[in-house]
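What follows is a short report on a single structure.
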Amino acid sequence: MTQDANEPTGSPFTAYERRKASSDSVMNNPLGGHFGILGLSAEAWLAAIVENSDDAIVSKTVNGIITSWNRSAERLFGFSAAEAVGRHISIIIPDDRLHEEDTIINHIRNGRRIEHFETIRQHKDGTLLDISLTISPVRDKNGEIVGASKIARDISERKRMVERQRLMLREMHHRIKNLFAIVSALISVSERSAEAPGSSFANDLRARVAALAAAQNFVLKESEGGSDGHASTSLFGLIDAILSAHQDKNGARIVVSGEDVSVNNAVLTSLALLLHEFATNAIKYGSLSVNGGRVEIEVSRNNGLALTWTEVDGPPARVPEGAAGFGSELERMTIASLRGSLRREWRPDGVRILVEIPDQLPRR
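The numbering of the sequence shown is our numbering, which starts it at 626 and goes up by one.
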């Protein structure tokens, strides 16, 4: 491109860009060759645009010495213009990224523009910044490359959003994989018990899958409510989501007490199945099968999660006779997957179930 003889050395704009800005503004400006009521020249107007740009705009020599530094560069990197101009551009480059400057300078010396180069730069206080760089050669009036202009845009927030999305996708993948594994196990166990007297394969399986769906819906609402992608869920909230259909209008039929703890979402579906099994048995045989019966759930932390399910004012609890049924087999598998323990106490007015789950749970 032919250079204007009046083009100032080190200008971050080409003669064509200045002429274009000038002609466009004259066409739209009744004051003629000046810009607005301030009476700025084209060069001064463009300099004002650079100074007030939301992007950090920096110019430097081919040797990397900073020659201009706008206000956004001050905000982004922490150095004032007085501190930065005259110093080497490496003041904002981390040690492990210094090699990038050699590559950039080689491109500039060969007249090549670099667009949207994502990298890391450094604030005056040492904080690392994710930025996107666009770098253009700057030529003198003879067309010789004498430096470069850099536009730096902070993309830290965008990077954080991408990372949050990546973590959420990983969590979703893990959760869906667990759901498929659990549903597969449900079908296998249900199939084995389908021929038992009084069994209702379809209804039992449908109810258990519905419990899983309730748990997942609850987690989704928690995430939309601002959990910021953290992979944990309120246990009290989960209990309410699974058992609310069995609660009375006064909230007295199922009473939850103790410490509300955050439950790792990796084990949430397993806990949902356990709660569903406990409630199903209570409705069929326990305290929820009679008027006035109730369930008391107590949660505590003691080197892990401890949950006690106590049925009160119900029929006497009796040890089941014969082989373990569908629900018992499902409980056994679920507790095993959590590396936890479960034991029952058979009491005159209802069963008491004690569940303990260790703090550190391996991801499957």
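All C-beta atoms, glycine included, are put in the ideal place defined by N, C-alpha and C. Fair warning: this is a prediction, and the values are worked out from it, not measured in the lab.
Discussion item. Here's the rule: buried if 16 or more other CB atoms are within 10 angstroms of the residue's CB, otherwise exposed. What is Lys909?
Written reply: Within the sequence shown, residue 909 is the residue found at index 284, counting from 1. By the Cβ-count criterion, Lys909 is exposed, with fewer than 16 other Cβ atoms from all chains shown falling within 10 Å of its own Cβ.
Practice prompt. List the residues that DSSP assigns as beta-bridge partners of Phe742.
Written response: Along the sequence shown, read from residue 1 onward, the residue named residue 742 stands at position 117. The partner list for Phe742 (beta bridge, DSSP) reads Leu758.
Worksheet item: Are the Cβ atoms of Glu708 and Asn695 separated by less than 8 Å?
Response: Here the question's residue 708 lines up with position 83 in the sequence shown. Here the question's residue 695 lines up with position 70 in the sequence shown. Not a contact, by the Cβ cut-off of 8 Å.
Worksheet item: So what's Gly876 in DSSP terms, helix, strand or just coil?
Response: Within the sequence shown, numbered from 1, the residue matching residue 876 stands at position 251. Three-state result, Gly876: coil.
Practice prompt. Select from Ser912, Val920 and Gly711 the residue whose C-alpha is nearest the C-alpha of Gly876.
Written response: Within the sequence shown, residue 876 is the residue found at index 251, counting from 1. Nearest option by C-alpha distance: Val920.
Fill in: Identity of the residues DSSP links to Gly929 by a beta bridge
Within the sequence shown, residue 929 is the residue found at index 304, counting from 1. Note: Gly929 sits in a beta bridge opposite Pro983.
Discussion item. Less than 8 Å between the beta carbons of Val888 and Leu868, yes or no?
Written reply: Numbered from 1 along the sequence shown, position 263 holds the residue referred to as residue 888. Numbered from 1 along the sequence shown, position 243 holds the residue referred to as residue 868. Not closer than 8 Å, so no.
Discussion item. Extract the residue ranges of the beta strand (DSSP E) inside the stretch 686 to 731, only unbroken runs of 3 or more that lie entirely within it.
Written reply: 691 to 694
Practice prompt. Report all residues from its chain with a CB closer than 6 Å to the CB of Leu979; omit the five preceding and five following residues, and keep chain order.
Written response: Translated into positions along the sequence shown, residue 979 becomes position 354. Cβ within range, chain order: Thr933 and Arg968.
Worksheet item: Is it true that the CB of Gly751 sits closer than 8 Å to the CB of Glu726?
Response: Here residue 726 is taken as the residue at index 101 of the sequence shown, counted from 1. Here residue 751 is taken as the residue at index 126 of the sequence shown, counted from 1. Pairing Glu726 with Gly751 gives a Cβ-Cβ distance that is not under 8 Å.
Worksheet item: Ordered along the chain, which non-local residues of its own chain (more than five positions away) have a Cβ less than 7 Å from that of Arg734?
Response: If you number the sequence shown from 1, residue 734 lands on position 109. Excluding residues within five positions, the ones whose Cβ falls inside 7 Å are Val687 and Ile770.
Worksheet item: What is the rounded straight-line gap between the Cα of Glu884 and the Cα of Glu936?
Response: Translated into positions along the sequence shown, residue 884 becomes position 259. Translated into positions along the sequence shown, residue 936 becomes position 311. If I take the Cα positions, the gap works out to 19 Å.
Discussion item. I need the boundaries of the beta strand (DSSP E) containing Asp779, first residue and last residue.
Written reply: Along the sequence shown, one-based indexing puts residue 779 at 154. Where Asp779 is concerned, the enclosing beta strand (DSSP E) stretches over Ile770 to Asp779.
Worksheet item: According to the neighbour-count rule (16 or more other Cβ atoms, all chains shown, within 10 Å of its Cβ), is Val892 buried or exposed?
Response: Position 267 of the sequence shown, counting from 1, holds the residue named residue 892. It is buried - the Cβ of Val892 has at least 16 other Cβ atoms within 10 Å.
Practice prompt. With distances taken Cα to Cα, identify the nearest neighbour of Leu955 among Leu896, Gly772 and Ser914.
Written response: Numbered from its first residue, the sequence shown carries residue 955 at position 330. It is Leu896.
Worksheet item: Would a C-beta distance cut-off of 8 Å place Gly703 and His748 closer than the cut-off?
Response: As a position in the sequence shown, residue 703 is number 78, starting the count at 1. As a position in the sequence shown, residue 748 is number 123, starting the count at 1. The answer is yes: Cβ separation under 8 Å.
Fill in: Anticipated Cβ contact below 8 Å, Ala773 with Ile760, distance rounded
On the sequence shown, position 148 is the one that residue 773 refers to. On the sequence shown, position 135 is the one that residue 760 refers to. That pair is a contact at about 5 Å.
Fill in: Residues near Ala961 by beta carbon distance below 8 Å, same chain, minus five either side
As a working note, residue 961 is residue 336 in the sequence shown. Here the set comprises nothing.
Worksheet item: Which whole-angstrom value is the C-beta distance of Arg746 and Ile718, which I expect to be below 8 Å?
Response: For the purposes of this step, residue 746 is identified with residue 121 of the sequence shown, where counting begins at 1. For the purposes of this step, residue 718 is identified with residue 93 of the sequence shown, where counting begins at 1. Rounded, the Cβ-Cβ distance is 6 Å, consistent with contact.
Worksheet item: Cβ atoms of Ala681 and Leu701: under 8 Å apart, would you say?
Response: Taking the first residue of the sequence shown as position 1, residue 701 is located at position 76. Taking the first residue of the sequence shown as position 1, residue 681 is located at position 56. Closer than 8 Å, so yes.
Worksheet item: Is it right to say Asn906 is buried, meaning 16 or more other beta carbons lie within 10 angstroms of its own, or is it exposed?
Response: For the purposes of this step, residue 906 is taken as the residue at position 281 of the sequence shown. Asn906 comes out buried.
Worksheet item: Which first and last residues belong to the beta strand (DSSP E) in which Gly944 is found?
Response: By one-based count along the sequence shown, residue 944 stands at place 319. Position check: residue 944 holds Val in this sequence, whereas Gly was assumed. First-last for Val944: undefined, no H or E at that position.
Worksheet item: On the premise that Ile982 lies in contact with Gly929, defined as a C-beta separation below 8 Å, what is that separation, rounded to the nearest angstrom?
Response: Residue mapping note: residue 929 aligns to position 304 of the sequence shown, counting from 1. Residue mapping note: residue 982 aligns to position 357 of the sequence shown, counting from 1. That belief holds up - the Cβ atoms of Gly929 and Ile982 are roughly 5 Å apart, short of 8 Å.
Item to complete: Please work out which residues of its chain come closer than 7 Å, Cβ to Cβ, to Val915, disregarding the five sequence neighbours upstream and downstream, and give them in chain order.
Response: Here the question's residue 915 lines up with position 290 in the sequence shown. So the list reads Gly939 and Pro940, once near-sequence residues are dropped.
Practice prompt. Go ahead and label Asp779 buried or exposed: buried means 16 or more other beta carbons lie within 10 angstroms of its beta carbon, across all protein chains shown.
Written response: Position 154 of the sequence shown holds residue 779. Result: buried.
Discussion item. Is the beta carbon of Arg926 closer than 8 Å to that of Val881?
Written reply: As a first step, residue 881 must be located in the sequence shown, where it is residue number 256. As a first step, residue 926 must be located in the sequence shown, where it is residue number 301. No, these two residues do not count as a Cβ contact at 8 Å.
Worksheet entry | Coil, strand or helix - Arg919 by DSSP | Within the sequence shown, numbered from 1, the residue matching residue 919 stands at position 294. Arg919: strand per DSSP, three-state reduction.
Worksheet item: Between the Cα of Arg957 and the Cα atoms of Phe903, Gly917, Gly975 and Arg972, which residue gives the shortest distance?
Response: The sequence position of residue 957 within the sequence shown is 332, counting from 1. When each option's Cα is compared against that of Arg957, the closest is Phe903.
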